[in-house]
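>
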Amino acid sequence: MVSDSLDVFSGEAAPIGVVSGSGINLRSLLDEVCGERSFSDAAGISGSGIVGHDGLFIFGRCGGVPVILQAGRIHVYEGHAPAQVASTVDTLYDFGVRKVILTNAVGGLDSSLSPGNLVAASRIETWPYRNHPFPASMEPDLIVPGCDASGTYIWMHGPCYETRAEIHALQKMGGLTVGMSLPLELARCQQRKISAGVVSCVTNDCTRHDEALTHRQVVETATKASRHLSDLLRRYIVGRA
Ligand code: HPA
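Numbering of the sequence shown is given in my numbering, commencing with residue 308 and proceeding in unit increments.
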């Protein structure tokens, strides 16, 4: 179904996959764009209905290195089946990707973190829901150097942001950041032997309880931090990190 897309990079090194989360715009990573495919066309899934998620696979090069940018993702909180959420990883695999950097927007659980900070996840934990279809704890295969911090990321189902009690519990679990994406994609990467790293963009400070958080604020902050994230990923991709 997708093999024709491999023609774009035929004879070149395997493309690196980069997945962008809520509001994160990483198009500046690509010095040249060779083509794009929608989620529905390439993966047979309806795109994300969430603001800040484009639902596109964009083929291009970063400093000469083939890159496939997955702009946007789908989530279980939108009602997508877990297998469908993980299926974008299968599409990247079919496109030839064997190394991927997953990015997302997160809340910071430690007051040392500020909006705009970039955090490498060294461990992924999941809030213990019933029947969740992935391991409770996973480790990414690689750490992208140059982030402001690294630590444990904890997945919550969403779509509501956490209550104060949940934030307290997440801190007790040792979490540095919290968000609503990743474990299904990471678990599928591990199954498919795709080497994966996680870089999260902190969009809000969960330790501040003085104002309500909205998805719009998350998207705005993530968009503002996108250039910083793109520059960090560029250094990694072209081998200067
Ligand atoms: N909680 C969960 N997901 C998020 C947050 C948060 O505070 N910020 C951005 N995504």
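Glycine included, each C-beta is placed from N, C-alpha and C at the ideal position.
Just so you know, these numbers come straight off a predicted model, no measurement behind them.
Taking DSSP as the reference, what is the three-state secondary structure of lysine 406?
Note: lysine 406 maps to strand in three-state DSSP.
> So is serine 327 buried or exposed if we call it buried at 16+ other beta carbons inside 10 Å?
Buried.
> What's the call for alanine 532, buried or exposed, on a 16-neighbour Cβ count within 10 Å?
Per the 10 Å Cβ criterion, buried.
> What is the DSSP secondary structure of cysteine 454, counted as helix, strand or coil?
DSSP places cysteine 454 in coil when its eight states are reduced to three.
> Do valine 451 and threonine 484 have their C-beta atoms closer together than 9 angstroms?
No, they are not a contact pair.
> Assign leucine 477 to one of three DSSP states: helix, strand, or coil.
Three-state DSSP puts leucine 477 in a helix.
> Where do the N-terminal and C-terminal ends of the beta strand (DSSP E) with aspartate 338 fall, by residue?
Per DSSP, aspartate 338 belongs to no beta strand (DSSP E) and is neither H nor E.
> Who are the near neighbours of alanine 393 in its chain, counting only those whose CB is closer than 8 angstroms to its CB and skipping five residues on each side?
Here the set comprises Leu491, Glu492, Ala494, Arg495.
> For arginine 380, which three-state DSSP category applies?
Coil at arginine 380, not helix or strand.
> Taking 9 angstroms as the threshold (C-beta atoms), are glutamate 527 and proline 466 in contact?
No, the Cβ-Cβ distance between proline 466 and glutamate 527 is not below 9 angstroms.
> With 16 as the cutoff for other CB atoms within 10 Å, does serine 317 come out buried or exposed?
Looking at its Cβ environment, which holds fewer than 16 other Cβ atoms inside 10 Å, serine 317 is exposed.
> What separation, rounded to the nearest whole angstrom, lies between the Cα atoms of glycine 486 and alanine 443?
Roughly 15 angstroms between the two C-alpha positions.
> Taking a contact to mean a Cβ-Cβ separation below 9 angstroms, would you say aspartate 401 touches glycine 367 in this structure?
No. Outside cutoff.
> Cβ of methionine 480 versus every heavy atom of the ligand HPA: is any distance shorter than 8 angstroms?
For the ligand HPA, not one heavy atom lies less than 8 angstroms from the Cβ of methionine 480.
> Taking 8 angstroms as the cut-off, is the C-beta of asparagine 511 nearer than that to any heavy atom in the ligand HPA?
Indeed, a heavy atom of the ligand HPA lies less than 8 angstroms from the Cβ.
> Does the contact criterion of 3 or more C-beta pairs under 8 angstroms hold for the region 340-350 versus the region 395-415?
Short answer: they touch.
> Got a sec: does the ligand HPA put a non-hydrogen atom nearer than 8 angstroms to the Cβ of leucine 425?
No, the Cβ of leucine 425 stays beyond 8 angstroms of every heavy atom of the ligand HPA.
> Run the proximity test for glutamate 469: is its beta-carbon closer than 8 angstroms to any non-hydrogen atom belonging to the ligand HPA?
Glutamate 469 Cβ: within cutoff of the ligand HPA.
> Would you report the Cα separation of alanine 321 and lysine 406, rounded to the nearest angstrom?
Looking at the two C-alpha atoms, the distance is approximately 8 angstroms.
> Apart from the five residues just before and just after valine 309, which ones in its own chain have a Cβ nearer than 7 angstroms to its Cβ?
Unreliable placement is indicated for valine 309, whose pLDDT of 47 sits below 50; the coordinate value is still reported in the next sentence. Closer than 7 angstroms at the Cβ level, and outside the excluded window around valine 309, lie Ala349, Thr398, Asp401, Phe402.
> Going by DSSP in three states, phenylalanine 316 sits in which element: helix, strand or coil?
Of the three classes helix, strand and coil, the one that applies to phenylalanine 316 here is helix, per DSSP.
> Is leucine 491 near the ligand FMN, in the sense that its beta carbon is under 8 angstroms from a heavy atom of that ligand?
No copy of the ligand FMN occurs in the structure displayed; its ligands are the ligand HPA alone.
> Determine which residues share a DSSP beta bridge with isoleucine 461 and list them.
DSSP lists Glu432, Val485 as partners of isoleucine 461.
> Should serine 329 and alanine 412 be called a contact, given that it needs their Cβ atoms to be closer than 9 angstroms?
In contact: serine 329 and alanine 412 (Cβ atoms closer than 9 angstroms).
> Buried or exposed for valine 505, please, with buried defined as at least 16 other CB atoms from any protein chain shown within 10 angstroms of its CB.
Buried.
> With 16 as the cutoff for other CB atoms within 10 Å, does glutamine 498 come out buried or exposed?
Flag for glutamine 498 reads exposed.
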